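There are 2 protein chains.
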Amino acid sequence: MEEIRIKPIGVVHSPFKDPVGVPKDSTDGMNYRGTVEIFPEYKEGLKDLDGFSHIIILFYFHKSEYSHLIVKPFLDDTLRGVFSTRSPHRPNYIGLSLVELQKIEDNIIYIKGIDMIEGTPVLDIKPYIPEFESNEGIRIGWLEGNI
Amino acid sequence: MEEIRIKPIGVVHSPFKDPVGVPKDSTDGMNYRGTVEIFPEYKEGLKDLDGFSHIIILFYFHKSEYSHLIVKPFLDDTLRGVFSTRSPHRPNYIGLSLVELQKIEDNIIYIKGIDMIEGTPVLDIKPYIPEFESNEGIRIGWLEGNI
């Protein structure tokens, strides 16, 4: 299947300058603040986003230089299949963060709960829509007891 | 910022052959079943995934031929900024679905709650990890009252 080309729509500004020290789970990271600068040519697409309390950011792990199918996650000492983890060393280097939206000013989105580093290319923004009333019946595999 | 190149890691097999008739929200779609065929070279990365009840699929809206910054969503008659919607007509054509994982056999993931069409290229699989105990305090903007 052919290669797909995508273009960043913006860039993250973060208190974390490199991957060392970045919060490894949402509990650690929930208090850190940063911004997403949406490039001016995409700004119009932000209309109505400020009604949402939380947003999903898809981004590019631009510091990843290799990918493995089996990885050792931060939260565990056992080797795991990469698709059962949030490791940056995955095929396609695409990351996902759920963050709190604080405000939008012009083309700048102010967020809380940041776990991306300075300069991270942003690929997409989507509104967060809760899909479950509760966590009942949801199983989280090897993460059970690790988070 | 430079262009990013990504490669599909698999393909969706779906009861929906084209975008017409695809469920437009998760309530409609929760009963439809399909599979994700992970290409053999990525199969090893599926290890441990079967412990999770739900997974996030990132995919490519391969039938999208244009993108707009302002769109009319399916669930509303008002024009909205594309980043406040799940419209396929977005920059980068990247889609996200949360589905129920039923079983994995070899390189085939059996899923329930499919809203992608046959032949959809798959870009990444991530484990679903609930981030909130409840939906209290979560606001969903223009979707309030529409879903």
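In the order they appear, the protein sequences are chains H and V.
Note that the first sequence covers residues 0 to 146 in numbering that gives the first Met the number 0.
Note that the second sequence covers residues 0 to 146 in numbering that gives the first Met the number 0.
Think of the CB as a built atom: it goes at the ideal place given N, C-alpha and C, for glycine as much as any other residue.
Keep in mind that this is a model prediction, so the values were computed, not measured.
When the five nearest sequence neighbours on each side are left out, the beta carbons in the same chain lying within less than 7 Å of the beta carbon of PHE60 of chain H are those of PRO87, TYR92 and GLY94, in order along the chain. Each residue's CA atom was taken as its position, placing PRO126 of chain V and PRO90 of chain V some 25 Å apart. In chain V, no part has a C-beta under 8 Å from the C-beta of VAL11 of chain H; the shortest such distance is about 12 Å. Distances from the alpha-carbon of ILE113 of chain V to those of V:GLU2, V:THR34 and V:LYS6 put V:THR34 closest. Under the criterion of beta carbons closer than 8 Å, LEU122 of chain V and GLY80 of chain H do not qualify as touching, at roughly 17 Å. Residue pairing by DSSP places TYR109 of chain V opposite V:THR34 and V:LYS102 in a beta bridge. With respect to chain H, the C-beta atom of GLY80 of chain V has a partner C-beta closer than 9 Å. At the C-beta level, GLY9 of chain V and PHE51 of chain V stay beyond 9 Å of one another. Under DSSP, the beta-bridge partners assigned to PHE58 of chain V are V:GLY94 and V:VAL121. Taking the Cα positions, GLU43 of chain H is about 22 Å away from GLY118 of chain H. Within 10 angstroms of the beta-carbon of ARG85 of chain V lie 16 or more other beta-carbons, which makes it buried. In the three-state scheme derived from DSSP, where H, G and I count as helix and E and B as strand, GLY144 of chain V is classed as coil. DSSP, read as helix, strand or coil, puts PHE82 of chain H in helix. As computed with DSSP, PHE51 of chain V is found in a beta bridge with H:ILE139. Spanning the alpha carbons of LYS46 of chain H and ASP105 of chain H requires a straight line of approximately 10 Å. The C-alpha of SER13 of chain V lies about 23 Å from the C-alpha of PRO72 of chain V. Under the Cβ distance rule, ASP123 of chain H counts among the residues neighbouring chain V, one pair being separated by less than 9 Å. For ILE3 of chain H, the uninterrupted beta strand (DSSP E) run begins and ends at 3 to 5, by DSSP. Relative to the Cα of ARG32 of chain V, the nearest Cα in the group V:ILE128, V:ILE110 and V:PRO129 belongs to V:ILE110. Taking 9 Å as the CB threshold, ASN30 of chain V stays off the interface with chain H. Think of a sphere of 7 Å around the beta carbon of HIS53 of chain V: the chain H residues whose beta carbon falls inside it are ILE137, in chain order. Across the segment 92 to 105 of chain H, CB contacts with chain V closer than 7 Å involve ILE93, LEU95 and LEU97, in sequence order along the chain. Using a CB distance cut-off of 9 Å, GLU64 of chain V does not count as an interface residue toward chain H. With respect to chain V, the C-beta atom of ILE107 of chain H has no partner C-beta closer than 9 Å. Counting every other CB atom within 10 Å of its CB across the protein chains shown gives SER83 of chain H a total of 16 or more, marking it as buried.
Short of 6 Å from the beta carbon of LEU78 of chain H, and not among the five residues preceding or following it, lie these beta carbons of its own chain, in chain order: ILE69 and LYS71.
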